[in-house]
Structures are given as C-alpha cells and as structure tokens.
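Protein chains in written order, with UniProt numbering: chain C, 1 to 314; chain E, 1 to 314; chain L, 1 to 314; chain P, 1 to 314.
All C-beta atoms in this analysis are idealised placements derived from N, C-alpha and C, irrespective of residue type, glycine included.
The model shown is predicted, which means the values in this text are computed figures rather than measured ones.
Number of protein chains: 4
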Amino acid sequence: MTATAAVREGTPTGVIPPLLTPLTADGELDIPSLERLVARHLDAGVDGLFVLGSSGEAAFFDDAMRERVLGAVTGIVAGQVPLLIGVIDMQTSRAIQHVRTAERFSPAGIVATAPFYAITGPDEIDTHFRALAAASPAPLWAYDIPVCVHTKLSPAHLVHLGADGVLAGVKDSSGDDVSFRRLVAMDRAAGTGLALLTGHEVVVDGAYLAGAHGSVPGLANVEPAGYVRMHRAAMAEDWETVRTEQDRLAALFEIVFQPVGKVGPAAGVGAFKTALRELGVFTTNTMSTPMAALGDEDAAHIRAVLAEASLLEA
Amino acid sequence: MTATAAVREGTPTGVIPPLLTPLTADGELDIPSLERLVARHLDAGVDGLFVLGSSGEAAFFDDAMRERVLGAVTGIVAGQVPLLIGVIDMQTSRAIQHVRTAERFSPAGIVATAPFYAITGPDEIDTHFRALAAASPAPLWAYDIPVCVHTKLSPAHLVHLGADGVLAGVKDSSGDDVSFRRLVAMDRAAGTGLALLTGHEVVVDGAYLAGAHGSVPGLANVEPAGYVRMHRAAMAEDWETVRTEQDRLAALFEIVFQPVGKVGPAAGVGAFKTALRELGVFTTNTMSTPMAALGDEDAAHIRAVLAEASLLEA
Amino acid sequence: MTATAAVREGTPTGVIPPLLTPLTADGELDIPSLERLVARHLDAGVDGLFVLGSSGEAAFFDDAMRERVLGAVTGIVAGQVPLLIGVIDMQTSRAIQHVRTAERFSPAGIVATAPFYAITGPDEIDTHFRALAAASPAPLWAYDIPVCVHTKLSPAHLVHLGADGVLAGVKDSSGDDVSFRRLVAMDRAAGTGLALLTGHEVVVDGAYLAGAHGSVPGLANVEPAGYVRMHRAAMAEDWETVRTEQDRLAALFEIVFQPVGKVGPAAGVGAFKTALRELGVFTTNTMSTPMAALGDEDAAHIRAVLAEASLLEA
Amino acid sequence: MTATAAVREGTPTGVIPPLLTPLTADGELDIPSLERLVARHLDAGVDGLFVLGSSGEAAFFDDAMRERVLGAVTGIVAGQVPLLIGVIDMQTSRAIQHVRTAERFSPAGIVATAPFYAITGPDEIDTHFRALAAASPAPLWAYDIPVCVHTKLSPAHLVHLGADGVLAGVKDSSGDDVSFRRLVAMDRAAGTGLALLTGHEVVVDGAYLAGAHGSVPGLANVEPAGYVRMHRAAMAEDWETVRTEQDRLAALFEIVFQPVGKVGPAAGVGAFKTALRELGVFTTNTMSTPMAALGDEDAAHIRAVLAEASLLEA
C-alpha cells in the first residue's frame, strides 16, 4: 500500500503554506516584504500557497484589502505554483461574494469554513458547502477550524460531500487527530479522492503516517524549506528524516509561545511576523487592527529561539 | 432608591425589539410584511427598534442587503421611534465599514459585538470598541453575546469603557444574570450612566428587579404589547403585573422549542417568523440561506402554543 | 395566582444555606466554630441547612470526615430545622453508599448530582436518580450543577422524574435562569410539586419572581439574616424589600472576587471562610487540601467589603 | 538520535493496556472471564497492565469493588508483568486513600488524575500531585484526561513535577497531540526521564514518531497482539510496519462508533466488552450501573467490524 490515496486530477497537494500578509507601519500592504516572502517560499520549493487564510489575517480585512492581497500575490507568484484562496466569512451569502472575487484570480481551489457567528447544524452546513460549490467551477475545499468557527466538521460528512463532487479537499486545522485518521480511512474506503492537508505545525509527521497528502503550516512562512524536506521524505517513506525535520520544526514553533499576555493570532501570527522581521524578510511586524505588534521583549525571546534553531546567529 | 440609574441624555431605553427581516419566498426583502411588522411594534408602543441584530439575520446578509433593510426600515419608521443599528462583523475594519453605512440612517445608537472568528483578548477588545467609537459621533453600544462570539465581556471592562465615553449602553444577551447584576451595580457605583438592556425573553422581570433599563427581546416581534406592558409595570414598580406578563410571555416563548432537528436561528428565528405568518403579519416564513424554513409539522406545534396564549383561535 | 406552586407535604422550602465546614489550623473539624456558625443560622431564622454540599467542601472529604461532619451538625442542630444531606460522588454505587450513611442522620432530603467524571447521557442519568431514590425512603433532590459535573439537567427530565415520584426537589446551581424559569413553569403545569431552590446568591430576587420556593446561597453563611428577610418579603410579595435586600447582598458577594490568583472554591469558599473569621465566627480560614487558605492581602480586601456592608466597622 | 529518551530505572514502558473489568450478569466481578482476558494480554506479550483506569470502570466502583479487582488481577498476573494502579477520585484525600490500598498490591506505579468536580487551578493541582507522591514510595504517574476532569495538565508543569521527582510518568489521554509533542521535547531537553505513554488508540503511530515510550490503548483489550507488534516495530524504527498495524487497529476501532444512542464508556467500553464476548473471552457484556449493556443490534454491527478485521469469521 502506498502512503497516500490518489487525489483528483489537478488537485494540489504537498506543502501549501498559508501566506502571511506583511504590513507597513501604517497598516498598508507591504509589497516589497511580500515579494521577499513569496520568493522565500518558491526558493524552498513549496507546492502551492494558501492566500487569505487565518494566518494571512483575512478575518481582519475589508473586501478592498482582500482583493489588494489577491492582486499582489497573483502578480508576484505569476503562476509558478497553484493558489488556494480563502473565502472566510460568517455565512453563505458573503462567502459567495468572496468566491466571485476569488474566481477572477484563477485559483486552483477555494477554501471555505463552516458558517459561524449564528449557530448552525449539519443541515445548514451541508447547504452552505453545496451553495458555495454551485457558485463557481473552481474546486472547493473545506477548512475545518473549530477553534474559530466552533463547529467540528465530521469525517463522514466531508467524505459524503467529496463523493457528491462538492469538495475536492480538506484543510484540517481541528487539532483532532483521531478525527483526521478516520477521515483518511473513510476517504480511502470510499475512493473519494479528497486531498487531505493538515494545518498543525508540530504533528505533521504523524499526519503523514496517517495518510495526509500535505500540510498547510503557518510556521512554514518562517522556515518553508524544512516542511518541504519533510514532505519529500514522507513521500519517499524515509521516516527517520521526517522525524528529524519535524523535531527541528517543533523546536522552532516555540516562537509562538514567547509572547507574554497575548492570545490567538496576536501571539501566533505576531510571532511569525516578528521572526520574519528578525530574519530580514519583513520590514515591520505590524499587525492588523485591533492587534498590536509584539514588543521588544517578546522579539528578544523569539530571536533566541531562532538562534537555537540556527536560523539566526546567536 | 429608584428602580434604575439615570442614563445619558438622549439614550433610548425601554422595549427595543430586535426587528426580524421578513423575506419573500425567493429570499428578497418583503416590504409589505415589514410594514405590518413595524406597525405592530409602533401600535404596541415600543420605545425603539434594533435593526440588523442577530434576530434580524444580519449575519446572513451581504452589504447590499443590510443597506436595503436599513433603507426600508428607516423609511417605514420615519422617525417615530429611535433606531439602534447593528454592525455585526468579524473584526474592526469591516465593522467600521458598517458604521459608515449606519451613520447615513441617523441611528440613535450603533451596536457592536466583540471581535470574533480570530481569537482576541481584552486588549484587542478594548482597541476594537475604541476604534468603533472614534469612527462615528453616534453613540456606541456593546452587544454581549458569547454564544455567537465566544467571548464574554466583563462588567468591569464595560463600565470602564462607559466611563471613558466609549460606550453609551449594553445589550446583554449573555445569559449570565450574575454578571448582569454586577454590571448594573458597577455602573451605578461609578455613575457611568450606561443604558443596560437585556436580551433574554423569559427572565426580563428579574433583569428589571436588578435594575435593567429595558429589553431587546426577539419574542417581542410576536407579542410586543406584552413586553411594553411589562416594562411600564416595572417602571411603576408594579411587580405583580411584571410577573404576570412575564409568565405569559415565557409560555409563549415555548414556540422556539417546537422545531424538531433544528438549532440556533433556524429554530428560534424560524419559530418567530412562522408565528408571524400564522398571525397574518408575514407572508412567508422564509429564512436566509443556508437555513430552511420550518415545515408544516413544526408550524402546527407553534400554532398550538399561540392558541394556548390566546394569540390565535384554537 | 400565588407566587409559588405547592410542594409536597413535608418538603422543606425557604432559605436553606449550604453549611460551610470550619476547620482547625491542622485541617480537623472545628466544633466550636461550627457551633457558632449553626447558631448564627438558627438565630437568623433559616428554614433548613444543606450539609455536605459543594460549599461544605464535601468533594474534598473522605468518608470518615463526611460522617464526622454529619454527626457534629445533627448534634448541634438537634432537630431545630430540617437537614438536606449531600451525597456527591462520581457514579451511582458510591453515591448509594453515601445515601446509606445519610439515612442514619434522619435527613429531610438527600441531594445528588448527575454522575460525573465518566461521560453519561440522559439514559444513564435517569437510571442513576432512580437507583438512588430506590435506595432510601428519604426524599431525593437533584442538584443541577453543570460547572462541576459538566452535564445540564433538562427541565423536562426533572419534571418527569418528579412526576414519577423519584424527585422531591431541585437545587439549581446551573446559572441558567432561562432553564430555571422553564422548570418552574413545567412543574406548575404538570402539578408535580417539586420544591425548586436556587443556588445563585445575587439573583435570588429574580428566581423568586419566577416562582422559586427558596434559596441555597453560600453567601448566607456570612449573612443569613438578609436572605431570610428577602425570602419573607418575597412570600409577602413585597418586591421593593426583596430588591433592597438583594442589592445589599449582591454588594456583599463581591468578597468572592477579592482573592487574587485563585479560582473555584479556593476563591469563593475561601472568601466566605475568611469573612467568617473576620466576623469572629470562625477561628481560622483553613481550607481542605489541596487548597491554601487566603492570605492577609486578600483578607484585607474582604474586610473592606464587609465594612462597606456595615457588617464590620471600617 | 534514538526514538525515545531514557526513562528512570524500573519505570515500565511499552504496551500497557488499561484492563477491562468483566462482570457477571448480576454485576459481580467475573473471575473466569478476567483470567481469559489476562491470559490473552500475556500471550500477546504486553509490557504491563493498567488496572482501575477509566476503561476498567473504576469511576463506577465502590472501594470494596476496587479492592476486589486489585486482588483478583494481582493473583492472576502473579508478577508476570508490572502493574500500574489507578487512584481516580475527586480530590486529594480520597485519592490518598486509594494510594494506601494500591500500595498493598506492589504496584510498579500509581496513576492519578488532576482533581475534579470542584474547580482547581495550577496551585491546587501542584499540591495535589505532591501530596500523592509524598503518601507512598511507589512511583507516581499523572493521568492527563481533560474529557473527564475538565483540566488540561500543561507540559511545562508535568516536566517540572518530573524534575522534582514527584512524577515518574504520564499517561496522556488528552487528545492534544501538539501538547504531547511539546511534552516529549521538554522532557528530553530537561533530561527528566518521564515515561510518556499515549492513550489514543488510532494515533499511536504518530505518538511513537514524536517519541512516546508506549501506549495504554483501551482497544488493546480486544487486540493486544497488534499493539505489541506496533510497539516493537516502532522501537526498531520499522515505520512501514508501524503504519500497517496502526491502520488495521484504526479500522478495528470503528467498533466504538457502532452503538446507537450511547455516549462515553457506555459506547466505548460497551463496544470493547461486547467484542470480547463475541470473541469468546467474556461471558457477558454487562456494564456497571447506571450503564446498560449494548443490545443485539449494536452487537451485530460490532461483529461485522470484527469480521472485517479477520478477528471473527464473517
């Protein structure tokens, strides 16, 4: 048995980092930093990029800013790798508007969460994904992220939507590895051909053993090459290398635990942005309102972790 | 001691129902039904209306639909009662866009939740409300609704924002009556003058005893007169009448528990819309996508509750 | 309509404080302090006492300590008021053992939670209460405390168990006042005759409006007279007095928010014990292992609240 | 780098199944079934047994039943493999009583959860484990099971307790694989020598990649040989075999999803017991009160999964 089940023709797999959005000090899109970030990803050999995900701060952007990001990224990437585009919004009708915008940027896939804010059940979630799929010929991906939307997508429902041609893939950021394993097994048994990617930076190795087709790790913005090496090793079934890379990346992930008194993306994305500033990729570590940038003390601790990982000189 | 602390000049209090949004069978705004609904509220003597709240399905609307609703409601209400306008959205920048739109409709107040989807802490919530207040001269209200945004606003923080002139009032839909009582007491002790309204249909009487200035009950769409009578009795300290009205309204609220296999607004708002259709106020009980309207069996159970409450003939 | 529905013959109602358990500095039961505490309750005119509840630290006691507390309390109370006895334990078989012990102390009622630790559903909860009721002729009460057992008892289930003669009453510490109001209404509609007591110190007034038969407030250990006055006023439908007493008690309840860096009973029961030490009722504020007693700084803040409430000289 | 860090001298690692407790139809300990179950484990080559864990229904037993189980198991095992003994109870004092009992059965380790029912914070949890460790010379293990105790033990705290000699190992049933990986890394960095076992049946392979020393899988009661083969393969770094075994066991784990209308151990342990009855190891599938045994329809679905896994003839 091979490591992974076959996915549908044309569906991207492998390492598809959720692209950060660098900002200038006054909160505008920072194009030079974005160019350096994309170059770093392409140089590392990533298999695609996920634009307007949670790590990309899409939830904080108005429509104009989302479109500005899409325009800039597609311009810089220029078709060198496929793009997944996020359409995160509260309920179906706004998400469909984002789909319409996304379509104009030739996405390899469109990535949608379950509805949120207003509580919905399985029937509404089903209608939601079917309505999004019907709105565009682009392949639709489900983004399973209960920490943000407070609903867990069930493996059986995902596979059912896959079998019906509604979904092409799943980005699993659920933190529920038991559920992920069942998703892989159900997908394989049903021959659905869903692309199954994990979003959890420090347990990608286990997801590969379970049959994941790739990863969407926020930390890959800081160190894409490690995730690419890990994926190639996993596809070659060289598990010793997989583990060594994962252990190193897990040590690097400690940057997100350095900020004091911060939670959510203010801590996590804030740490990624600060690391990239320290590495000379970003000009600032500015965050979207209402989040403040990390301060000097947090940055010093992040530098120490980067040095420990040999990404910076100590 | 009077029942309630004084609020700031010009801040609406009393019964301010969260206005439902009637839809035609194909999901468009149903103006004739809206006219009947508003007339029912005005005839009952409500003190204001809350437009684009959770019960108004604002979370399901795109910007054009939100603006259509505002235009229609302000046209129909024509200044007869003050309007609170909701600006529910994920994070600060989109909420500010909704503030800009709301301003054009001369709101008596603008109602915003804490940020959601992306996890935020007290610092970000503080920045969020201050940024919204700075964006408009209209008075700002905090909408405390943890069941939707998954963050509880602390009484101390709310009073602090009130003392700083950021907030004019609070719509409490937290279900945490201990917290609400502390909010009333802290506001009174600090002399902040926040208007404090409860959103919980069946325990408004206790909130009045605690010192609430009014209520924002979704059920008032079905029976505004009862909530108006309860509020007048509370202000007159006629608690026997308060209780009698509350008990009757609590019995009527059982309509939201009739739908089988539905959760959230599909059940609750669905029951309100179905009741209003049965009462001849709405033409349909259509819900926003991805929610389905309630079916005949649920409607029959709702009719039975309406008959029990003497709103319909049995 | 009278304020409350009739309860079954012999079922205690009114103010039934959950009795604290004073400890000596080395953690033994402190009899002289217990005598002073009980005398304070009896002098205030309480209608009963709830022994071995959460506030009584029963969860922290081994069986011998539980029995020592029961022996001491029944000796001191000497039948002057009825006793409810808690049988809090993980699952049915241990709870039945506690029922056997409780029976020897002539309880007016036995108070049991839903099962906890191992997850159970409605079927198991039903079997649990029926097995406990079958184990003893003493009336059984359900203790609805989801913050500890992580299951909410549904009003419909409680009324069903009441109608079947399994339950005589409910101590509601759920914090869900919507559910409590539905419980009162369902009990009244079904004529079940359940005694319905609330455990929430600062919203007892609203519970009385809703039809509660009494209260089980931990804070009544510090100020039983206020709760007794509030209950008598409620039964006389003198709501202005109810509110005045509740506002005063709510201000006093702020003692539980004074401890810094503590959660759960270490903060709440710790504040009650510290207040009673400051009032000269308890000799120490010692807590059960693994909880530490509150320190001097917390005690100073608690004294300030007591002084504000005129229970201590400033 | 080897797969796992060294543990302390004498600390058991490897496959240590949480032993089920077979019951007769009238709820008594079923000794012949227990003998067959233990023999099955020993024949498969397990490295130890965990007695009185959650899967062993310890939460449902009174003290006499717990002691009966310990007596029977130690008699049957007769020192052939080391035993870990659970001391699950609400708070410190009762858990210490269980430690005293456990000591009499020469445990290789004693396994305790965080306190539960009453809410506790990090200070109380720290005191709790230190008090338990002080109560006995037997090595103490922390049992991280937030689904039951509603507190997550932090990796940093566990390693700190390990470094202080309080803990010898951790049984991780948290479902939080990110936390587990950090625990492994922190333990390795600090040289604490904690034995780190995972309790999650279907992702043991990932835990081995992360550096787990073994597993405590409830499903191993049904198929110990597979878990033993997986562990040996992991120690030999034969990851292809690890994955193949894990995939097969994950398919077998589907038995726990067959029961209809059941949750918690009534479903999970109920499925294990039913499978063992179908395999001829247990005489009945009786569950502890208040849980009902699975019925014929559930058993038929479980048989189908067993047949699919070639454990039964179809």
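Query - Backbone CA spacing between P/Phe-129 and C/Asp-26 [nearest angstrom] - result: Here residue 129 of chain P corresponds to residue number 129 of the fourth sequence, with the count starting at 1. Here residue 26 of chain C corresponds to residue number 26 of the first sequence, with the count starting at 1. So the two alpha carbons sit approximately 50 Å from each other.
Query raised in the report: In angstroms, rounded to a whole number, what distance separates the CA positions of P/Val-38 and P/Ala-220?
Result: Translated into positions along the fourth sequence, residue 38 of chain P becomes position 38. Translated into positions along the fourth sequence, residue 220 of chain P becomes position 220. When rounded, the distance between both Cα atoms is 11 Å.
Query - Residue environment, E/Val-166, which counts as buried when at least 16 other CB atoms sit within 10 Å - result: As a working note, residue 166 of chain E is residue 166 in the second sequence. Here E/Val-166 is buried, its C-beta having at least 16 other C-beta atoms within 10 Å.
Query - Proximity winner among P/Ile-255, P/Ala-300, P/Val-228, relative to P/Thr-244 (alpha-carbon distances) - result: Taking the first residue of the fourth sequence as 1, we reach residue 244 of chain P at position 244. The option with the nearest alpha carbon to P/Thr-244 is P/Val-228.
Query raised in the report: What does a CB cutoff of less than 6 Å around P/Gly-162 pick up in its chain, not counting 5 residues either side in sequence?
Result: Here residue 162 of chain P refers to the residue found at position 162 of the fourth sequence. Thr-192, Leu-194, listed in sequence order.
Report task. Would you grab the beta carbon distance between E/Phe-282 and E/Pro-22 for me? Rounded to a whole angstrom, and I think it's under 8 Å. Result -> Translated into the one-based positions of the second sequence, residue 282 of chain E becomes position 282. Translated into the one-based positions of the second sequence, residue 22 of chain E becomes position 22. With a Cβ gap of about 5 Å, E/Phe-282 and E/Pro-22 count as contacting.
Query raised in the report: Cβ atoms of C/Tyr-117 and E/Ala-267: under 8 Å apart, would you say?
Result: Counting from one through the second sequence, the residue named residue 267 of chain E turns up at place 267. Counting from one through the first sequence, the residue named residue 117 of chain C turns up at place 117. Against a cut-off of 8 Å, the Cβ pair of C/Tyr-117 and E/Ala-267 comes out as no contact.
Query raised in the report: P/Tyr-117 CB to nearest chain L CB: under 8 Å?
Result: By one-based count along the fourth sequence, residue 117 of chain P stands at place 117. So yes, P/Tyr-117 belongs to the interface.
Query - Contiguous beta strand (DSSP E) assignments of at least 3 residues, all confined to the segment 105-142 of chain L - result: Given a length threshold of 3 residues, each whole run of the beta strand (DSSP E) inside the segment 105-142 of chain L is given here in chain order: 109-113.
Requested in this report: Could you tell me which of E/Leu-153, E/His-160, E/Leu-279, E/Val-184 sits nearest to E/Ser-174, measuring between CA atoms?
Outcome: The sequence position of residue 174 of chain E within the second sequence is 174, counting from 1. Looking at E/Leu-153, E/His-160, E/Leu-279, E/Val-184, the one whose alpha-carbon comes closest to that of E/Ser-174 is E/Leu-153.
Query raised in the report: So E/Met-230 and E/Val-242 are in contact, right, with Cβ under 8 Å, and what is the actual spacing, rounded?
Result: One-based indexing of the second sequence puts residue 230 of chain E at position 230. One-based indexing of the second sequence puts residue 242 of chain E at position 242. Rounded, the Cβ-Cβ distance is 5 Å, consistent with contact.
Query raised in the report: Mind checking if L/Gln-80 is an interface residue toward chain P, Cβ cutoff 8 Å exclusive?
Result: On the third sequence, residue 80 of chain L is found 80 positions in, with the first residue counted as 1. It does not: the Cβ of L/Gln-80 has no partner Cβ on chain P nearer than 8 Å.
Query raised in the report: Within this structure, are the beta carbons of P/Tyr-208 and P/Ala-234 separated by less than 8 Å?
Result: Against the fourth sequence, residue 208 of chain P aligns to sequence position 208. Against the fourth sequence, residue 234 of chain P aligns to sequence position 234. Cβ atoms of P/Tyr-208 and P/Ala-234: closer than 8 Å.
Query - C-alpha gap between P/Ala-271 and C/Thr-4, whole angstroms - result: In the fourth sequence, the residue the question calls residue 271 of chain P occupies position 271. In the first sequence, the residue the question calls residue 4 of chain C occupies position 4. Taking the Cα positions, P/Ala-271 is about 29 Å away from C/Thr-4.
Query - Neighbourhood of P/Val-149 by C-beta distance below 8 Å, restricted to the same chain and skipping five residues each side - result: As a working note, residue 149 of chain P is residue 149 in the fourth sequence. Annotation for P/Val-149: Thr-113, Ala-114, Pro-115, Phe-116 place their beta carbon closer than 8 Å to its own, counting only its chain and skipping 5 residues before and after.
**Report entry** Partners in chain C for E/His-213, counting only beta-carbon separations shorter than 8 Å
**Finding:** Within the second sequence, numbered from 1, the residue matching residue 213 of chain E stands at position 213. Neighbours of E/His-213 in chain C, taken as residues whose beta carbon is under 8 Å from its own, are absent, since the nearest beta carbon is some 26 Å off.
Requested in this report: List the DSSP bridge partners of L/Phe-180.
Outcome: Here residue 180 of chain L refers to the residue found at position 180 when the third sequence is read from its first residue. According to DSSP, which records beta bridges pairwise, L/Phe-180 is partnered with nothing at all.
Query raised in the report: Quick one: complete beta strand (DSSP E) runs, 3+ long, within the segment 35-76 of chain L?
Result: As far as the segment 35-76 of chain L is concerned, its whole beta strand (DSSP E) runs of at least 3 residues are 49-51.
Report task. Put C/Asp-244 into one of helix, strand or coil per three-state DSSP. Result -> Position 244 of the first sequence, counting from 1, holds the residue named residue 244 of chain C. A small correction: the amino acid at residue 244 of chain C is Thr; Asp does not occupy that position in the sequence shown. Correct three-state label for C/Thr-244: helix.
**Report entry** Straight-line gap, L/Thr-274 to L/Gly-295 (C-alpha atoms, nearest Å)
**Finding:** Here residue 274 of chain L refers to the residue found at position 274 of the third sequence. Here residue 295 of chain L refers to the residue found at position 295 of the third sequence. In this model, L/Thr-274 and L/Gly-295 are separated by some 9 Å (Cα to Cα).
Report task. Take P/Gly-280 as the anchor and find which of P/Arg-248, P/Pro-265, P/Glu-313 has the nearest alpha-carbon. Result -> On the fourth sequence, residue 280 of chain P is found 280 positions in, with the first residue counted as 1. Looking at P/Arg-248, P/Pro-265, P/Glu-313, the one whose alpha-carbon comes closest to that of P/Gly-280 is P/Glu-313.
Query raised in the report: Quick one: does E/Ile-88 have its CB under 8 Å from some CB of chain C?
Result: Your numbering for residue 88 of chain E matches position 88 in the second sequence. For E/Ile-88, the closest Cβ of chain C is nearer than 8 Å.
Query raised in the report: Given that a residue counts as buried once 16 or more other Cβ atoms are within 10 Å of its Cβ, and exposed if not, what is C/Gly-48?
Result: As a working note, residue 48 of chain C is residue 48 in the first sequence. By the Cβ-count criterion, C/Gly-48 is buried, with 16 or more other Cβ atoms from all chains shown falling within 10 Å of its own Cβ.
Query - Whether C/Thr-289 touches E/Thr-151 by CB criterion (8 Å) - result: Within the first sequence, numbered from 1, the residue matching residue 289 of chain C stands at position 289. Within the second sequence, numbered from 1, the residue matching residue 151 of chain E stands at position 151. C/Thr-289 places its beta carbon 8 Å or farther from that of E/Thr-151.
Query - Cβ-Cβ distance between C/Thr-13 and C/Gly-218 below 8 Å - result: Taking the first residue of the first sequence as 1, we reach residue 13 of chain C at position 13. Taking the first residue of the first sequence as 1, we reach residue 218 of chain C at position 218. It is not a contact, given that the beta carbons lie outside the stated cut-off.
Report task. Pull up the distance between the alpha-carbon of C/Asn-285 and that of C/Ala-293, whole angstroms please. Result -> Numbered from its first residue, the first sequence carries residue 285 of chain C at position 285. Numbered from its first residue, the first sequence carries residue 293 of chain C at position 293. Taking the straight line from one Cα to the other gives about 6 Å.
Query raised in the report: Is the shortest distance between the beta-carbon of L/Ser-106 and the beta-carbons of chain P less than 8 Å?
Result: Locating residue 106 of chain L in the third sequence gives position 106, counting from the first residue. No, L/Ser-106 does not count as interfacial toward chain P.
Requested in this report: Can you say whether L/Gly-56 is buried or exposed, counting buried as having 16 or more other CB atoms within 10 angstroms of its CB?
Outcome: Start at 1 with the first residue of the third sequence, and residue 56 of chain L comes out as number 56. Buried, since its Cβ has 16 or more Cβ neighbours within 10 Å.
Requested in this report: Give a yes or no on whether 8 Å exceeds the smallest Cβ distance from L/Leu-37 to chain E.
Outcome: The residue given as residue 37 of chain L occupies position 37 in the third sequence. Answer no: the Cβ-Cβ gap between L/Leu-37 and chain E never drops below 8 Å.
Requested in this report: Have a look at C/Ile-145 and E/Met-291 and give me their C-alpha separation to the nearest angstrom.
Outcome: The residue labelled residue 145 of chain C in the question sits at position 145 within the first sequence. The residue labelled residue 291 of chain E in the question sits at position 291 within the second sequence. About 21 Å.
Report task. Could you tell me whether any non-hydrogen atom of the ligand ZN is closer than 7 Å to the CB of P/Ile-96? Result -> Within the structure as shown, the ligand ZN is missing, as the structure has no ligands at all.
**Report entry** Inter-residue spacing [alpha-carbon to alpha-carbon] between E/Pro-32 and E/Leu-70
**Finding:** Your numbering for residue 32 of chain E matches position 32 in the second sequence. Your numbering for residue 70 of chain E matches position 70 in the second sequence. If I take the Cα positions, the gap works out to 15 Å.
Requested in this report: Please classify P/Val-51: is it buried, with 16 or more other beta-carbons within 10 angstroms of its beta-carbon, or exposed?
Outcome: The residue given as residue 51 of chain P occupies position 51 in the fourth sequence. Taking all protein chains shown into account, P/Val-51 has 16 or more neighbouring C-beta atoms within 10 Å of its C-beta and is therefore buried.
Query - Min CB distance C/Asp-298 to chain E below 8 Å - result: Here residue 298 of chain C refers to the residue found at position 298 when the first sequence is read from its first residue. Not an interface residue.
Report task. Identify the continuous beta strand (DSSP E) that holds L/Val-159 and give its terminal residues. Result -> What you label residue 159 of chain L is simply residue 159 of the third sequence in a count that begins at 1. L/Val-159 -> not in any beta strand (DSSP E); alpha helix (DSSP H) instead, spanning 155-163.
Query raised in the report: Ordered along the chain, which non-local residues of its own chain (more than five positions away) have a Cβ less than 6 Å from that of residue 315 of chain C?
Result: The requested residue 315 of chain C is not part of the displayed model; chain C covers only 1 to 314.
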